[in-house]
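Undergrad:
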Amino acid sequence: MSEKSTFAAAIVAWQRQAGRHDLPWQNTRDPYRIWLSEIMLQQTQVATVIPYYQRFLASFPDVASLAAAPVERVLAHWAGLGYYARARNLHRCAQEIMAVHGGEFPRSAAQLQSLSGIGRSTAAAIAAFAYGERAAILDGNVKRVLCRVFAIAEDVSRAAAERALWQRAESLLPAAEEMASYTQGLMDLGATLCTRRQPACARCPLADSCVAQREERQHLLPVARSRAKAPERQATFLLISDGQGVLLERRPARGIWGGLLAFPEAEAAQFLPQLGVEVQAVCSLPPLRHVFTHFVLQIMPQLCRVSAPPSLLREGEYCWLPFAAAAQAGVPAPVRTLLTSLPAVWAAADQSPPA
Ligand code: SF4
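Using the working numbering, the first residue of the sequence shown is number 2, and each one after it goes up by one.
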């Protein structure tokens with residue numbers, strides 16, 4: 002039996018018997034629902050995605066409603082999922098589908114890939130699930146499975162090695178009618194059996210043909226790429242509050258947390274005089290670390306106690322929100338953490354004499 006038929010047949014049979022069948026984005030051929038799940042699942046685990054996916058669909062049930070929504074509302078539904086460029090691209094992609102494709106998703110992976118935020122692997126997943134197209138996926142989980150089964154010991158972050166992996170992935174595809182089960186099976190296997198640290202080879206349908214398992218090299222594959230230590234950046238966040246409300250700033254569309262609300266990132270001595278507020282005290286709070294893909298942000302929060310809301314706010318750029326409303330707004334995770342603790346921090350600071 003050929004490598005291709007053994008590999009695909011084992012995955013399809015396993016998926017039908019032991020794979021996941023009841024995730025909220027399964028059992029549909031609706032490209033909108035499939036697309037949404039594929040974007041949310043990038044860099045994010047299934048259990049985290051499920052409640053976001055359900056809330057998102059309740060508010061934006063189809064591509065037309067998503068395209069018509071203000072981007073701020075879309076970002077508010079995404080708040081906490083991270084990697085916010087995904088949400089902005091999702092919104093832009095919905096608008097492209099309405100404007101260029103008459104509200105219908107393109108029906109091929111090649112066309113899907115031309116839309117904002119849809120890369121080659123995501124386009125293939127949508128086309129395989131929605132239309133049964135024979136297009137290969139190759140995300141991090143699939144790379145790990147292929148490297149182990151075929152003992153590929155090259156650094157797959159290098160372009161030539163990645164090209165070879167794409168070719169390998171394409172050479173393994175089954176017939177069109179099995180594409181949905183195969184694609185889902187490959188995803189399930191990478192996420193639940195062939196995990197990074199402790200692969201469950203005893204339960205794996207590929208165990209008989211897996212070179213890494215035979216040679217006990219699972220822990221050596223894929224080869225780890227040598228990474229430089231992530232650089233650190235520092236940012237001062239001003240938590241400007243009168244004990245009831247707090248000042249938030251709309252971040253520029255480009256850059257980290259683009260379009261979300263966050264605390265002003267500035268030096269207190271320069272920023273506060275522009276607001277037209279009476280400042281009672283400024284005190285430093287414990288720092289917070291937030292890890293991004295390419296750097297670590299060291300957040301230095303400062304509580305700025307003011308007597309009343311600022312009178313000189315530039316509309317659209319800043320807003321003053323009551324504590325509860327601020328915590329519900331579209332804010333990134335570390336801002337939400339600080340907002341949640343703000344009433345208690347304020348109350349504690351209120352007990353101490355002004356600095
Ligand atoms: S046998 Fe083990 S290492 Fe090989 S694909 Fe399966 S889980 Fe991964």
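Idealized CB from N, CA, C, for every residue including glycine.
Predicted model, so just to flag it, every value in this text is computed and none were measured.
Closest to Ala229 by CA distance: which of Pro71, Thr294, Leu261 and Gly244 is it?
TA: Taking the sequence shown and counting its residues from 1, the one referred to as residue 229 is at position 228. Residue Thr294 is the option with its Cα nearest to Ala229.
Undergrad: Mind checking whether Ala110 and Met180 have CB atoms under 7 Å apart?
TA: Walking along the sequence shown from the start, residue 110 turns up at place 109. Walking along the sequence shown from the start, residue 180 turns up at place 179. Met180 sits away from Ala110, with the two beta carbons spaced by 7 Å or more.
Undergrad: Measuring only from the beta carbon, is Gln299 closer than 6 Å to any heavy atom that is part of the ligand SF4?
TA: By 1-based counting over the sequence shown, the position of residue 299 is 298. Of the heavy atoms belonging to the ligand SF4, none sits nearer than 6 Å to the Cβ of Gln299.
Undergrad: Just tell me which of Gln185, Gly244, Ala349 and Leu314 has its CA closest to the CA of Glu250.
TA: Position 249 of the sequence shown, counted from the first residue, corresponds to residue 250. Nearest of Gln185, Gly244, Ala349 and Leu314 to Glu250, Cα basis: Leu314.
Undergrad: Nearest to Cys305 by alpha carbon, out of Glu316, Ala95 and Gly246?
TA: Within the sequence shown, numbered from 1, the residue matching residue 305 stands at position 304. The shortest Cα separation from Cys305 among Glu316, Ala95 and Gly246 belongs to Gly246.
Undergrad: Hey, Ala334 and Gly81: beta-carbon distance below 7 Å or not?
TA: As a first step, residue 334 is located in the sequence shown; it is residue number 333 there, counting from the start. As a first step, residue 81 is located in the sequence shown; it is residue number 80 there, counting from the start. Result yes, Cβ atoms of Ala334 and Gly81 sit closer than 7 Å.
Undergrad: With a 10 Å radius around its C-beta and 16 neighbouring C-beta atoms as the bar for buried, classify Glu97 as buried or exposed.
TA: Locating residue 97 in the sequence shown gives position 96, counting from the first residue. Buried.
Undergrad: Confirm, please, whether the CB-CB distance from Ser122 to Asn90 is below 7 Å.
TA: The residue labelled residue 90 in the question sits at position 89 within the sequence shown. The residue labelled residue 122 in the question sits at position 121 within the sequence shown. No, these two residues do not count as a Cβ contact at 7 Å.
Undergrad: When we look at the beta-carbon of Arg17 and count the other beta-carbons within 10 Å, is it buried (16 or more) or exposed?
TA: By 1-based counting over the sequence shown, the position of residue 17 is 16. Flag for Arg17 reads exposed.
Undergrad: Put Ala356 into one of helix, strand or coil per three-state DSSP.
TA: Here the question's residue 356 lines up with position 355 in the sequence shown. Here the model assigns Ala356 a pLDDT of 45, short of 50, so the residue's position is not dependable, and the following value carries that caveat. When DSSP states are grouped into helix, strand and coil, Ala356 belongs to the coil group.
Undergrad: Grab me the residues of Glu39's own chain with a C-beta within less than 7 Å of its C-beta, minus the 5 sequence neighbours each way, in chain order.
TA: Indexing the sequence shown from 1 puts residue 39 at position 38. Excluding positions up to five away in sequence, the list reads Thr123, Ala126 and Ile127.
Undergrad: Measure the Cβ-Cβ separation of Val346 and Tyr183 and say whether it is below 7 Å.
TA: Sequence index remark: in the sequence shown, residue 346 carries index 345 (1-based). Sequence index remark: in the sequence shown, residue 183 carries index 182 (1-based). Going by C-beta atoms, Val346 is not nearer than 7 Å to Tyr183.
Undergrad: Of all the alpha helix (DSSP H) runs that stay within the bounds of the stretch 173-236, which reach a length of 4 or more residues?
TA: 180-189 and 212-215
Undergrad: By the 10 Å Cβ neighbour count, where 16 or more other Cβ atoms means buried, how is Glu134 classified, buried or exposed?
TA: For the purposes of this step, residue 134 is taken as the residue at position 133 of the sequence shown. Buried, since its Cβ has 16 or more Cβ neighbours within 10 Å.
Undergrad: Under 7 Å between the Cβ atoms of Ala201 and Leu207?
TA: Counting from one through the sequence shown, the residue named residue 201 turns up at place 200. Counting from one through the sequence shown, the residue named residue 207 turns up at place 206. Not a contact, by the Cβ cut-off of 7 Å.
Undergrad: Report whether the distance from the Cβ of Cys305 to the nearest heavy atom of the ligand SF4 is below 6 Å.
TA: Your numbering for residue 305 matches position 304 in the sequence shown. No, the ligand SF4 has no heavy atom inside 6 Å of this Cβ.
Undergrad: Can you check whether the CB of Ala328 is closer than 7 Å to the CB of Thr341?
TA: On the sequence shown, position 340 is the one that residue 341 refers to. On the sequence shown, position 327 is the one that residue 328 refers to. The answer is yes: Cβ separation under 7 Å.
Undergrad: Is the CB-CB distance between Asp243 and Val307 below 7 Å?
TA: If you number the sequence shown from 1, residue 243 lands on position 242. If you number the sequence shown from 1, residue 307 lands on position 306. Yes, these two residues count as a Cβ contact at 7 Å.
Undergrad: Got a sec: does the ligand SF4 put a non-hydrogen atom nearer than 6 Å to the Cβ of Gln214?
TA: As a working note, residue 214 is residue 213 in the sequence shown. Yes; taking the cut-off as 6 Å, the Cβ of Gln214 has a heavy atom of the ligand SF4 nearer than that.
Undergrad: Sorry if obvious, but does the Cβ on Leu91 come closer than 6 Å to a heavy atom of the ligand SF4?
TA: On the sequence shown, position 90 is the one that residue 91 refers to. No, the beta carbon of Leu91 sits no closer than 6 Å to any heavy atom of the ligand SF4.
Undergrad: Just to confirm my understanding: we take Ala356, look at its own chain, exclude 5 residues before and 5 after, and list those with CB closer than 8 Å. What are they?
TA: To locate residue 356, count along the sequence shown from 1; it is residue 355. The predicted position of Ala356 is uncertain, since its pLDDT is 45 and thus under 50; a value taken from the coordinates is nonetheless stated next. Same-chain partners within the cutoff: Ala282, Val283 and Cys284.
Undergrad: For the ligand SF4, is there a heavy atom less than 6 Å away from the beta-carbon of Pro223?
TA: Sequence index remark: in the sequence shown, residue 223 carries index 222 (1-based). Outside the cutoff, so no.
Undergrad: For Asp156, count the other beta carbons within 10 Å of its own beta carbon; 16 or more makes it buried, fewer makes it exposed. Which is it?
TA: The residue given as residue 156 occupies position 155 in the sequence shown. That one is exposed.
Undergrad: State the Cα-Cα distance for the pair Gly103 and Phe272, rounded to the nearest angstrom.
TA: Translated into the one-based positions of the sequence shown, residue 103 becomes position 102. Translated into the one-based positions of the sequence shown, residue 272 becomes position 271. Each residue's alpha carbon lies about 47 Å from the other.
Undergrad: For Glu266, which beta-bridge partners are listed by DSSP?
TA: As a working mapping, residue 266 is identified with position 265 in the sequence shown. DSSP, once it has assigned bridges, lists Phe238 as partnering Glu266.
Undergrad: Measuring only the C-alpha atoms, how far is Glu359 from Ala192?
TA: Because the chain here runs from 2 to 356, residue 359 falls outside it and cannot be looked at.
Undergrad: Could you give the DSSP three-state label for Ile127: helix, strand or coil?
TA: Translated into positions along the sequence shown, residue 127 becomes position 126. Residue state, collapsed to three classes: helix.
Undergrad: How is Leu82 classed by DSSP in three states: helix, strand or coil?
TA: Along the sequence shown, read from residue 1 onward, the residue named residue 82 stands at position 81. Three-state DSSP puts Leu82 in coil, outside helix and strand.
Undergrad: For Ala326, verify whether its CB is less than 6 Å away from any heavy atom of the ligand SF4.
TA: For the purposes of this step, residue 326 is identified with residue 325 of the sequence shown, where counting begins at 1. It does not: the Cβ of Ala326 is nowhere closer than 6 Å to a heavy atom of the ligand SF4.
Undergrad: Tell me, please, which residues DSSP counts as bridged to Trp321.
TA: For the purposes of this step, residue 321 is taken as residue 320 along the sequence shown, with counting starting at 1. Partner(s): Leu248.
Undergrad: What residue does the beta strand (DSSP E) around Leu304 start on, and which one ends it?
TA: Indexing the sequence shown from 1 puts residue 304 at position 303. In the DSSP assignment, Leu304 falls within the beta strand (DSSP E) that extends over Val297 to Val307.
Undergrad: Would you give the residue range spanned by the alpha helix (DSSP H) that Leu42 belongs to?
TA: Position 41 of the sequence shown, counted from the first residue, corresponds to residue 42. Residues Pro32 to Leu42.
Undergrad: Is DSSP giving Val283 helix, strand or coil here?
TA: For the purposes of this step, residue 283 is taken as residue 282 along the sequence shown, with counting starting at 1. Per DSSP, reduced to three states, the secondary structure at Val283 is strand.
Undergrad: How about Phe8: is its C-beta nearer than 7 Å to some C-beta of chain B?
TA: Considering every chain present, this structure includes no chain B. It has just one protein chain.
Undergrad: Who are the near neighbours of Gln27 in its chain, counting only those whose CB is closer than 8 Å to its CB and skipping five residues on each side?
TA: Counted from its first residue, the sequence shown places residue 27 at position 26. Counting only residues of its own chain and dropping the five nearest sequence neighbours on each side, Gln27 has a CB closer than 8 Å to the CB of Arg21 and Gln185.
Undergrad: Would DSSP call Glu316 helix, strand or coil?
TA: For this step, residue 316 is matched to residue 315 along the sequence shown. Strand at Glu316.
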